[in-house]
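**Q** Handing you this structure, nothing more for now.
Numbering (our numbering), first residue to last: -16 to 137.
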């Protein structure tokens, strides 16, 4: 665990998992699939935090820390893909919220997995992380009733 890992991954991941409770309470009366989606994006935040706990060891690709970092990375994007799609399809928060959930759920894994071929691994990682964090900041700002029935923000 490095200071960089703590500041860039552990603290934001734990903070967003905690803020996910605000999102979950806002969806308390929504469909079950939306509530499951919130739990999955919270698990995604914990996977993000896990990436900060276990810095990959450059000396050995097979080290325990590297494997755990890869597990956190996989958990991060897989849980976000599933959770974002469930939220986008099942949450009753309007078209803007649904579209942002689906777009982020598809973009973040695409940037993380295919982005390195076009942008390089570092830029793709930062792009995926920034898109993921931007979605979180948008999602937790919305309160119940903050979106009109036509999907426009009030």
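Glycine is no exception: its CB is placed at the ideal position from the N, C-alpha and C atoms.
Leaving out the 5 sequence neighbours to the left and right, which residues in its chain are closer than 6 angstroms to residue -4 when beta-carbon positions are compared?
**A** In the same chain as residue -4, and ignoring 5 residues on each side of it, the C-beta atoms closer than 6 angstroms to its own belong to 28, 31, 32, in chain order.
**Q** What are the boundary residues of the alpha helix (DSSP H) that includes residue 72?
**A** For residue 72, the uninterrupted alpha helix (DSSP H) segment begins and ends at 47 to 73.
**Q** When the Cβ atoms of the region 7 to 20 are set against those of the region 59 to 75, are three or more pairs found closer than 8 angstroms?
**A** yes
**Q** May I ask you to verify whether the region 47 to 56 touches the region 116 to 126, counting CB pairs closer than 8 angstroms and requiring at least 3?
**A** no
**Q** Does the Cβ of residue 136 have 16 or more other Cβ atoms within 10 Å, making it buried, or fewer, making it exposed?
**A** Any answer about residue 136 is weak, because its pLDDT of 44 lies below 50 and its placement is not dependable; what the coordinates show is given next. That one is exposed.
**Q** Using the three-state DSSP reduction, which class does residue 105 fall into: helix, strand or coil?
**A** Residue state for residue 105 is assigned as helix, using DSSP reduced to three classes.
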